[in-house]
Every structure is written in C-alpha cells, then in structure tokens.
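Residue numbers (the numbering used here): 23 to 59.
Structure (structure tokens):
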C-alpha cells in the first residue's frame, strides 16, 4: 500500500525535523542572548 509507505516516510522525516529543531533551538536562543547582550 503506497499510501501507508508515504505516511511512514513522512513520520520519519517529521521525527528528524523535530530532532534538528531540538538541537537548533538552544543554539538559536544562545545566539539571540549574545546579540541582546
């Protein structure tokens, strides 16, 4: 079932995106603090 495969793929991509976002957020917050300081 192609639809099921695409949904699984989308979920994996979503997980990767969330992980990257989780890594990026602390970095971005640190950068903004440096700019404000």
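Cβ atoms here follow ideal geometry from the backbone N, Cα and C, with glycine treated the same way.
The model shown is predicted, which means the values in this text are computed figures rather than measured ones.
In whole angstroms, give me the CA-to-CA distance for residue i and residue j.
| i | j | result |
| --- | --- | --- |
| residue 55 | residue 48 | 11 Å |
| residue 58 | residue 52 | 10 Å |
| residue 24 | residue 30 | 10 Å |
| residue 61 | residue 27 | For the chain, the structure presents residues 23 to 59; residue 61 sits outside this window and is missing. |
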